[in-house]
Structures are given as C-alpha cells and as structure tokens.
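Quick note on my numbering: the sequence shown kicks off at 86 and runs consecutively. Note that CB positions come from ideal geometry on N, CA and C, so glycine has one too.
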Amino acid sequence: MTEFEQVEEMTLRDYASVIWRRKWLVILPTVVTALVATVLTLAQTPMYRATADVLVRLPPTATSVGSTGAVMSPRLVENEFETASGSALKSQVRKFVGAEPTLSVSSSEASDVFGFTATSSDPDVAALAANTFAEQYIELQRTSLVEQYEARITVLEDQLVAIETGDVDSSRRTEYQRELENLAVSTQLASTSGSVLIDAATPPSDAYEPQPERTITLALVVGLLLGLGAAFLVDYLDTSIKDETELARATGLPTLAVVPRLKDWKEGTSHVISREDPFSPAAEAYRDLRTAVRFMALDQELKLVQVTSPRPSDGKTTTASNLAVAAARSGQRVVLIDCDLRKPQVHRFFDLDNKEGFTSVLLQEETLISVARQISGEKNLLVVTSGPLPPDPSELLAGDAARQVLEGLGGGVDLVVIDSPPVLPVADPLVLASIVDGVILVASAASTDTRQVTRAVERLRQVDAPLLGTVFNGFDPKDSDTYAYGYEGEVPDEEADTPQPKSAEQGATEAAK
C-alpha cells in the first residue's frame, strides 16, 4: 500500500469516526425533517392539474386564402403569449368556470404550441378550466382580429361616402372598394379560423400535488445533509480529545491503556474497579496498563511511577489506584502514595482516614511504617494517604525530605505509584517529576481539551520529566467498534495469589530502615 493510500484510508476512517461519534446529530435532523415532511404532505389538500394544447396561428387574410394561417414570427408568438397570459383572460375563465383554479400558460421554442394549464382540488374543474382557458384564448384572438377589420371597414366606408359627396378625390374610389372587399373576406375568415385546440384536457386520475415519495425523499436528503453538516461543524469546534489517535497526535506519546467509561461513576465516589469488579472491561484495561509498565521496567529502572493529568477530574486518582491494585494482584509489592497535597482523594477511594500520612512523614511527625495502611484483601498493597494539608505544598515536595523518602522507598518494593496534582494548575507535579522514574499522563475522553494536554506535555518536558505514555480514560466503547472487550467473566491468570518472598509491608519496612 502506498503512502498516499494509507493517508487516504486514515482520512476516510476519520470521517467515519466523526459520523459515528456524532450519529445522533445526523439521525435527529434526518428523522425530524422526514417526519415534518410526512405530516405536511398528509395534511396537504390534493391538487389536480390538466393541460389543453393549442396550435397558435393567425387567421388567413383575403390574399392568403388556402393557407392554414399567417406565418408566426418570434415577435408574433411572443405577443400572442403575452395575450394568453394576461389577467383579463384568466378572469373571464374563472368567471365562466365559477371556481378559482390556478391558471398558467407554457410555450416551447421548438413549436408554436401553447399549453393552457389549470390546477384545482377537483380534477373535473381542472379539466374544465384548462379547456375553457384554451377556448377563451382562441375566441379572444378571433374577436380581436374581427374588431380590427371592422374598424378599418368603417374607416373605408366613410372614405367612400366622402368621395360620393365630392369631399375626397374620386381617383382612390377603386382602391378603397378593393380593400373593402378584402377586409370583408378577411373578417369572415377571422371569425372561423386561426388558432386551433389540438389536444383537449381530460380530468386527471392522479393528484399533481402532493407527491409523498418525492417530498419525503427530498426531506431525507436535506435532513441528512443538515445532520452531516452539523456533525462535522460540532466536531470541528469541539477541541476535546475524542479517541486515542487524537491523544497520540497531541502528545507524541504512546497510549498505554484505553479505559472504558464507568456507567455508575459519580464524582467523589470510589472507583477502584480492579477490586469491585475485577472481570470488567475497565479492570482489564488497568491490567493492560500494569503490563505496559512492567514491560518498560525491563529496559529501565522503573520503581517510582507518577500519575498525573492536565487538569482536575481527568481520572488520575482512579488510574493510580487501579494501577496499584492491578500490580499488587499480579504479585508485585506495591505502595500507593497520595502526593496530591491540595485535593487528596486516595483515602476516599480506600475508605481510610487522613489524619496522618505523607506530610506527617515529611515533617518527621510520623514514620513511613506507621502511616502505611494495609488494605484488606490486598496483601501486596500498602496505601499512604496525603495526611494533613500543608500551607505550601510545592515547597514541601521540593525539599530534600520528599526526595529521600521516595527514593528510599523505591529500593524496598517493586513499584511505588504516586498520585500527584494536575499539571496545569500548580507546579507540584513538576517538582515530583524530577524525582520519579516515569510519568503517566491521564486524559479524559470528550473532556480534556487538546490544547490542555499539549500544554501539559510541554510543561513536563520543560523539566525533563521521564514521560512513559498516556492513559485514555472514560472512553465510550459505543463510540467505536475498534474496542470490543471480550473479557467479561474470564478470570485473569495473573489474579491468582502468587507466593512472594516478601510482602509489601516487609518491603516498606526494609526501605524505612
């Protein structure tokens, strides 16, 4: 496959992804437009249309007897069309029919045939009006010519009378008499010839309007176009991260895990899904994250792992807690430390008090062993809550005590997971990033802005943070068919308790020494 074909394929996939993601914006206008069109069509009174065709000809004159009529020049045809379309003629037709049909005239450049059309809610009225319209035009044409001829005859007769009385030169008598004879013949011809009705209208059997199939089809097309336009406009204006491809493009980092959205999630509640529902798709995603971290640890020292996010509510604490549980259940000795000294949440996730914690150790009020909590049912996991909140979190974390405690702890356990504040609001995570072995950045689907995640990565790179990758959190599998989780009900092999030489508590004790 060529490079161009790959780009084109990705582009088409992106279009399909937008349509699927914004499917309701596409479906709703389409359905609503079709329903409105259907209702209006059903409520519309059926209208019938009938047409009578007339071959337009001027009556022959005395000098052209034997012909079908005078030759129709474009100017004459145009004049006749204006006459046929006049309001006076239409008024006569409506008066004769006794109804108010819609009347119109059409013509063709290829012929001298006029179509006299009438539209009415009654098919019989439509046919009657169309035929009457055509007949009235023919009669009007004949009457107009007869009146012209008769007016000229009157003038000539007056001239002949004047000649008899001697008021006019008698030399023109013969000319006037000849013209008078011709006019008499032309008048007779005009009253019996001229334009001809060649196709009379008949009552139509089918209504001209409405046309349900055409109307509804057109409404569907218009609604679909409106929906597609709205979908792409909203998607263009929406700068949130929508899928892992956009996340990778914005950060330049690999996506370590894609975590599906938790249906019953409420802010402030526990989301240690790896404990509550270990066979769920979300728990499987956190095991994927644990596996990714373990593979990275094969090539580098990776004991201290910091979890952060661009902004609050992106799911960093949820990610850190579930990563710690998933790693502990695989047999690793894990310590989870809440280093968010501004809005700590780890103690809520594990239903612990927060009277003493990490700050107590930094201030030398407590020892690490005394504040580390063993979690029920998780023999390989210790949790260190934040402790009392200090007035200056950044300065406390930047001190030598924090570095010594964290680095010392990393030597006694397999993994230390650090939940830190978000990157953009405060400098605390930047301070921690200079201590840890790796940083995981969490972004929330349809919530974290592209600019926010880009700015967060820039800030972390400014302090040479050892970025490992990202976690795409809160993804809705229904937005894509790419993620089909088939793990429900399967017991993960690594969930079995694996005998370890030392527990997490023993490792932490050794590290404290």
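The criterion of a C-beta distance shorter than 9 Å is satisfied by P473 and K440. Across the structure, Q177 and Q221 are spaced so that their CA atoms are roughly 8 Å apart. V419 is not a Cβ neighbour of Y371, given a cutoff of 9 Å. D138 has its alpha-carbon roughly 28 Å from the corresponding atom of Q129.
It is roughly 9 Å from the alpha-carbon of V516 to the alpha-carbon of A550. Note on geometry: alpha-carbon atoms of V190 and Q226 lie some 15 Å from one another.
Between L494 and Q417, the C-beta spacing is not below 9 Å.
Membership of Q417 in any alpha helix (DSSP H) is not indicated, and neither H nor E is assigned to it by DSSP. DSSP places R458 in the uninterrupted beta strand (DSSP E) bounded by 458-460. For D504, the uninterrupted beta strand (DSSP E) segment begins and ends at 500-504. Our two residues, R346 and L125, have alpha carbons roughly 42 Å apart in a direct line. Under the DSSP assignment, A541 falls outside any beta strand (DSSP E), being part of the alpha helix (DSSP H) whose first and last residues are 535-547.
The alpha carbon of A367 has as its nearest neighbour, out of V446, V116, T403, K464, the alpha carbon of T403.
For Q391, the three-state secondary structure derived from DSSP is strand. For L553, the secondary structure class from DSSP, reduced to helix, strand or coil, is strand. Annotation: I525 to Q449 spans about 29 Å, alpha carbon to alpha carbon. CA-CA distance, G484 to W105, rounds to 50 Å.
Counting C-beta pairs closer than 8 Å gives fewer than three between the region 317-333 and the region 539-549, which falls short of the contact rule. When C-alpha distances from T168 are compared across P186, S192, I238, the shortest belongs to S192.
Taking the Cα of V538 as reference, the smallest distance to any Cα among V198, F199, T324 is reached at T324. DSSP places R375 inside the alpha helix (DSSP H), whose first and last residues are 366-381. Selection L309, A285, D291, V162 evaluated against S205 yields D291 as nearest (Cα-Cα). Contact between the region 101-119 and the region 171-188 is not established, with fewer than three Cβ pairs separated by less than 8 Å. DSSP places K464 in the uninterrupted beta strand (DSSP E) bounded by 463-469. A direct Cα-Cα distance of roughly 18 Å separates D207 from K175. Annotated three-state conformation of E185 is coil, per DSSP.
With contacts defined by Cβ atoms closer than 9 Å, V468 and S394 do not form a contacting pair.
Exposure of R334 is indicated by the presence of fewer than 16 other C-beta atoms within 10 angstroms of its C-beta. For V117, the uninterrupted alpha helix (DSSP H) segment begins and ends at 108-128.
The beta carbon of P289 lies closer than 8 Å to those of Y133, R134, A135, P208, A211, A212 in the same chain, with the five residues before and after it left out. If the five residues before and after A518 are omitted, its C-beta is found closer than 7 Å to the C-beta atoms of Q391, V524, L545, V548, A550, all from its own chain and listed in chain order.
Cβ atoms of V344 and V556 come within 8 Å of each other, at about 6 Å.
Sequence-distant partners of L387 (beyond 5 residues in either direction) whose C-beta falls short of 6 Å from its own C-beta, in its chain, are M381, D522, G523. Shown here, E194 sits in coil according to DSSP, grouped into three states, outside any helix or strand. The Cβ-Cβ distance between V378 and A405 does not fall below 9 Å.
Residue environment for G462: exposed (fewer than 16 other C-beta atoms within 10 angstroms of its C-beta).
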